[in-house]
Structure formats: structure tokens, C-alpha cells
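Peer 1: Below you'll find the structure I mean.
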Amino acid sequence: MAPKNAVNIPSFATTQLSLLEAELQSELSETSSLISNTSPTSLQRAGVAITNLSLSSQRTGLGGKTVVELAPDSATASTDGDLPEHGIRTGDIVVVAEQPAGSAKKREVRELEAKGSRGVVTRVGRAAVWIALDGEDDEVVGARRLWVVKLANDVTYKRMNQTMNRLLKMKDDEYSGFIRVLFGLTSPSPVATDLEKEIKLEWIDPSLNESQKDGIRFALDSKEVALIHGPPGTGKTHTLIEIILQMLKANLRVLVCGPSNISVDNIVERLAPHKIPIMRLGHPARLLPSVLNHSLDILTQTSDAAAIVKDVRKEMDTKQASIRKTKSGKERKAIYGDLRELRKEFREREKKCVTTLVGQSKVVLATLHGAGGFQLKDEKFDVVIIDEASQALEAQCWVPLLSAKKVVLAGDHLQLPPTIKSLNSKMKRISKDKEKDADGIIKGITLEKTLFDRLLALHGPAIKRMLTTQYRMHEKIMRFPSDELYESKLVAAEGVKDRLLKDLPYEVEETEDTMEPLIFYDTQGGDFPEKSEEEEVAKKGGKGMMGESKSNEMEAALVRHHVQNLVDAGVKPEDIAVITPYNAQLALMSRSMKEAFPGIELGSVDGFQGREKEAIIVSLVRSNPEREVGFLGEKRRLNGKTSPINTPKTT
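Its first residue numbered 4, the sequence shown is counted upward by one per residue in this note's numbering.
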């Protein structure tokens, strides 16, 4: 008999499918008419477009896809040649199209969109963006001014839906012991009570602290599931690297996943110096050689197994180059015909190469939805490790987990949950006796509830170990999250607990701003009124792209003033970050500060999670007579945004 808190698996899968469909529709409705209803400049301010681009180069990428490099058009580029501020990220689904003229009518704009090419962003740099085009005959002519617009990523939804449908169709006798534990049908296998005595390890990293060592032993001894709870700055990734290396010493094969390219690349970077056979599936977000040299894209060009595809790739690149040189439509059509045949041969050869390379790798790394690609079909792993598990949808986690034997989840459920656009996250909970409706949908479950959250609620703290020594924040900055969220268990490491901006490894003056670790500016009242983006654009007869996003001009001026004070005191702009919860405020500040302080980083609160800078300025924006703070009332929204030294905030 199943425990009282066991989850009915078919009902769970049905519920997830329903929630995912609503989320996808929400994304589609948000992006369906973007190009035809909104100006390029507004789209760029909203973070979903990059305008005024031109074609720099094109080549043949993984899978025989055409990869185009787009850079700022020389006629409109800034003096430094960098891309303008935007929100396009690696892995985004985009359309590349000729940019409409400012006077273009809606019908003309729709025609331009129809002629555009869909693709996936493979890399984003300071001065260029690279996109792998979907279509075999996609062509981007270099003479036109181009723009890139983000679309809903339905590829991820397809993978999650396929996985949930497989779970839905499973019979009771097909549930593995691992699956039964993850749904509470059985309890996790007990872990040794004295792990230090039970598991004797030769530590690869001698600098590990006691809470990290305890977490590592726990992850190794757990039979089905282990949660590594890593509050901000506690060395979660550091701990995961040791877990992976210890598992390799035990001759285990490991699949490492994360919800984003950045989360995965961070681990590749840390593993690379250990000279172990690792394989990074997908397209790395960074250009570091330590990442690129282990990526499938590079290995299919440089390894011994890659020799069988080199000649075809070379011939395809030659054909790609000739397309740009020919002006004859007939010749161009003939070249595309040759490319189609070459792509077919390329894919066949590449598939054999990929199978060989992946099969030889003891550690494979991929995004969660990337783990559902053909490269890992029929591949077996002893352990799946999911980093940033508290930022991932549960359905996303099941992509690599459906055939797993054991999982180690690392994350912090007290930081931000995944960003959910649909209204399902606002569903009201109903009483237990009415938990299921006639359609088998489990009420009260939302996409914000992650696998980490659910397992912790299902099995309790016995399946979790928390890292308690933090290496990021001054003790005064740490105190609030420690007391409010972590039961006062966090301890500041010696190297950071008293460190101030004046102690940076270069000359910084001793001022009020560099001697204090935590500064608050009170911006309530009539001198700092917030504005709604929608209201401001409506006054001008337009339509806002940021909806109810807020901005605060006077607060932005105060932020700039504080940045100026820090820079005048000697703090380098590249050591400063300004973050805000509102896109409208981000757009407002970016325009004035990027040129004034080259190297400074501006970003959203959500996008900056897990990152570090020496000085962080948080612009909270809200100031109104009603004293409403909206979603800022959620404590997790500011947790994890602190820096080693100094966090001034405007409130």
C-alpha cells in the first residue's frame, strides 16, 4: 500500500501536460504578433530583439546547419562596435529577417517576417550573435539590414511533453525502484548514520569545508536521491565537481545537466583542468578553450572519429561561400540542391561520429532538454546530476531522469523558482478531499513547484544536506538571508566576512561608500514617483512592450550618482553591477550608463541570479502612495543577489 503522501503518477503526468500547454500558449500569445505590432526599437528595449545588424559570415555547423554571424551594421554601430543592450540568450529560438523601415506598414512587416529564417542562437558575444538556421534552403543576404527577434521556444516543450506522455503511458509494473521513490510509492533507501566513519575518501580538493564533505559523502552513499542545498556563495558547484570526480574514481558513468547553457558550461569549465574524458552536448555559451575543446561541435571536427566528416564539411563550406558570390538565381538554386545532398551524407557520417564520441565519454554534460536529443538515445548512465535544480521545471528534469537509477539535485529552493508566464502559478489551493477533479488533474500543483521542492516536501530533510560556509558576502550582508531564510545557519568564511571595497587588490580611496558593506537609500515619497511603462507609452499613442513593467527616473539618477561615487573612489566599472526587477527600469538605466561607465554590467534580478560582482546596486523601483510593492513582496526575489563586499540598495 502506497504512503498517504504518494503521488499518483498518471494524474501527475496529466497535470504537467495541462500546465505545460497553458504555459506554451502563454508564450506563443506573447510573441505571435511581436514583429507586426511593435517597432524594432521597442522590441529591443523589451529584451526580445536585436536591431540594425548585418551578415558578417556564415559556415556549416553541427548537423549540417548554416550558422550565420550577425554584427552591428557599420552605418549604425556605436564607436566600440558592440551590440546594443538586449535580452537574447544562447538557446533562444529566433527569426532573422530584413528589418522593416520605420515607415513600413503592418502588411509589409508581416511579409518581411514570412520571408525571415527561423533558427537557434548558438552563441552571443559582445560584438556579434551566431544563429544556426533551421531550414535547409535558408538564405541571409548580406546587403540588407537585418534584425533578430526572439520567439517562443517550442522545442523544449516538445521534449517535456514527450517525456510526460511516456510517464503517463507507463504501467505499474514498469515503474523502476527509482521512479517509485521519486513519487513516494516507496521510501528512499536508508543512508549510513555516521557517514564520516562509513565512507573513507581521499579528497581530490583539499580545500573543502566540513559541510561540503558531508554533502559529498551523502551524495555518494544515497541509493536513489540526494539533495545538495547550496545557499548563495556556499560553493555548490565546487562541491558538485568533487562529487563527479569521486564518482569517476568509483568507475561510475555520470550525466550532468542544468536548465541553462551557462549552468552547464560552468561545470565544464571547472572539470576541464582535471583531464578526464568529458563531452559537452549542445552549443557552449562561452568562448573559453576549456569549454570549446570538450564540445561536440569541436570534437566532431578535431577528433580521430571526426575524420569521416571533415571532407564533406569542407565541401559544404565551399558551397556556402559560393552562394554569397553568385548573383544568378539559377546558379544559387543549383548550389542549394547540391547542399541538400551533401547535408544528407553529412548527417549520416556525423551520427556515426557522435555515437563513437559520446560512447567513449565517462562524463556527459547537457542542458536538461538537450539530454533528450538523439545523441543520448540508448546511452546508459549510473547517476544523473542536475545543477540549478531549483530553477528548472520538474517536467524538464524528467527528460534525463526517465531511465535513470539515481539522481543528485543541487540548488536552492529558497531562491527564485523558474519564471512562469501563464496564470497557473496563481491557482488557488483547494482542500485535500477535493484534490483531483474528474479529468485527473491534481489541483494546487503549479509549474513553480520544482522537483527539488516536491521531493523535500515528500521525504523531508533526511534526503537533504545543506552547505553552510559562504565565501561571497561580507558578514553584515549575509545576516539577513541567514536569519530570514536559512535558520541562522550560514557562516561567513574568514576571507570575506570583514572585506570591504577599500580592500580590493587595487587602489581604492576610503570613502563612506567604500567603508560600509551595506547601504540603503530611502526613495519613498513624492520625489521618487514610479511610472508604468504601459501608461507612458499610451500617453504617446503607442503600445507598450513591457506591459505593467515599472520605471523610476529619479531612482535611476540616484543609482547613476552612486556608481559615479564608486568609480571616483577608484572602483573599476567592470567590478560593479546594477540590477533591477523591472525591464523598463533596466532599459532606462542602460541607455545612460553603458556609455558613461564602459564595462559596467546591467541586468535583471532574475538574469543575474548566481552571478558575482564586487559591488552590487539594486534598484527596486517601487514608490507609490498605495505602498504597493507587487512581486517584490516575495523574499526569494532578492535572495542570492549579494556580492563579496558591498551591496548598496535603493528602496
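Think of the CB as a built atom: it goes at the ideal place given N, C-alpha and C, for glycine as much as any other residue.
#1: If I'm right that Ile603 touches Val566 with Cβ under 8 Å, what's the distance once you round it to whole angstroms?
#2: Just how far apart, CA to CA, sit Thr321 and Val271?
#3: Between Lys492 and the rest of its own chain, which residues show a CB-CB distance below 8 Å, the 5 nearest in sequence each way excluded?
#4: Using the C-alpha atoms, what's the distance from Leu417 back to Lys452?
#5: Got a sec: is the Cβ-Cβ distance from Leu404 to anything in chain B below 8 Å?
#6: Does the pairing of the stretch 145-164 with the stretch 19-29 give three or more beta-carbon distances under 8 Å?
#7: What does a CB cutoff of less than 7 Å around Pro13 pick up in its chain, not counting 5 residues either side in sequence?
#8: Between which two residues does the alpha helix (DSSP H) holding Lys153 run?
#9: Throw me the rounded Cβ distance for the Arg148 and Asp85 pair, which I believe falls under 8 Å.
#10: Under a Cβ-count criterion, where at least 16 other Cβ atoms within 10 Å of its own Cβ denotes burial, should Thr237 be classed as buried or exposed?
#11: In angstroms, rounded to a whole number, what distance separates the CA positions of Ile53 and Leu27?
#12: Let's see if you can read the secondary structure: which residues bound the beta strand (DSSP E) around Ile389?
#13: Could you tell me the distance, in whole angstroms, from the CA atom of Ala104 to the CA atom of Ser263?
#14: Which runs of the alpha helix (DSSP H) spanning at least 4 residues fall entirely within the stretch 39-91, listed in chain order?
#15: For my contact list, Arg220 and Leu198 are in at a C-beta cut-off of 8 Å; report their separation, rounded to the angstrom.
#16: For a minimum of 3 consecutive residues, which ranges assigned as the beta strand (DSSP E) are wholly contained in the stretch 219-266?
#17: Per DSSP, what kind of secondary structure is Phe181 in: helix, strand or coil?
#18: Jot down the residue ranges of each uninterrupted beta strand (DSSP E) in the stretch 443-507, minimum 3 residues, whole runs only, in chain order.
#19: How would you label His232, buried or exposed, when you count the other beta carbons within 10 angstroms and need 16 or more for buried?
#20: Report the rounded CA-to-CA distance for Lys365 versus Ala222, giving the unit in angstroms.
#21: Using 10 angstroms around the beta-carbon of Asn254, count the other beta-carbons present and answer buried if the total reaches 16, otherwise exposed.
#22: So, at 6 Å on beta carbons, what are the nonlocal neighbours of Gly528 in its own chain, with the 5 sequence-adjacent residues on each side left out?
#23: Name the one or two DSSP bridge partners that Phe531 has.
#24: So the beta strand (DSSP E) Trp133 belongs to, where does it begin and stop?
#25: Roughly how many whole angstroms lie between the Cα atoms of Ser225 and Gly180?
#26: Taking DSSP as the reference, what is the three-state secondary structure of Val98?
#27: What are the complete alpha helix (DSSP H) segments, minimum 4 residues, inside the stretch 306-388?
#28: Measuring only the C-alpha atoms, how far is Ala136 from Asp381?
#29: Could you check where the alpha helix (DSSP H) with Thr664 kicks off and where it finishes?
#30: With DSSP as the reference, identify every bridge partner of Leu605, one or two as the case may be.
#31: Throw me the rounded Cβ distance for the Tyr524 and Lys553 pair, which I believe falls under 8 Å.
#32: Here's a check: name, in chain order, each residue in its chain whose Cβ is nearer than 7 Å to the Cβ of Gly90, leaving out the five neighbours to either side.
#33: Which of the three DSSP states is assigned to Gly285 in this structure?
#34: Do the CB positions of Asp415 and Pro234 come within less than 8 Å of each other?
#35: With a threshold of 7 Å on Cβ separation, who are the neighbours of Gln363 within its own chain once the five nearest residues in sequence on each side are excluded?
#36: Starting from the C-beta of Ala398, find all residues in its chain whose C-beta is less than 7 Å away, skip the five residues before and the five after it, and write them out in chain order.
Peer 2: Reading it off the structure:
#1: 7 Å
#2: 32 Å
#3: Met469, Thr471 and Ser485
#4: 12 Å
#5: Going by chain labels, chain B is absent from the structure shown, which holds only one protein chain.
#6: yes
#7: Leu171 and Gly443
#8: Lys153 -> not in any alpha helix (DSSP H); beta strand (DSSP E) instead, spanning Leu149 to Leu154.
#9: Not confirmed; about 17 Å, so no contact.
#10: buried
#11: 23 Å
#12: Val386 to Ile389
#13: 35 Å
#14: 43-48
#15: 4 Å
#16: 228-232 and 257-261
#17: helix
#18: 467-469
#19: buried
#20: 18 Å
#21: exposed
#22: none
#23: In DSSP, Phe531 forms no bridge with anything.
#24: Val132 to Leu136
#25: 13 Å
#26: strand
#27: 310-328 and 332-362
#28: Checking the sequence shown, residue 136 turns out to be Leu, not Ala. If you take the alpha carbons of Leu136 and Asp381, they lie about 28 Å apart.
#29: Outside the shown range of the chain (4 to 654) lies residue 664, about which nothing can therefore be said.
#30: Val581
#31: At roughly 17 Å, the Cβ-Cβ gap does not stay under 8 Å, so Tyr524 and Lys553 are not in contact.
#32: Gly50 and Val51
#33: coil
#34: yes
#35: Pro280
#36: Gln19, Leu23, Met163, Thr166 and Met167
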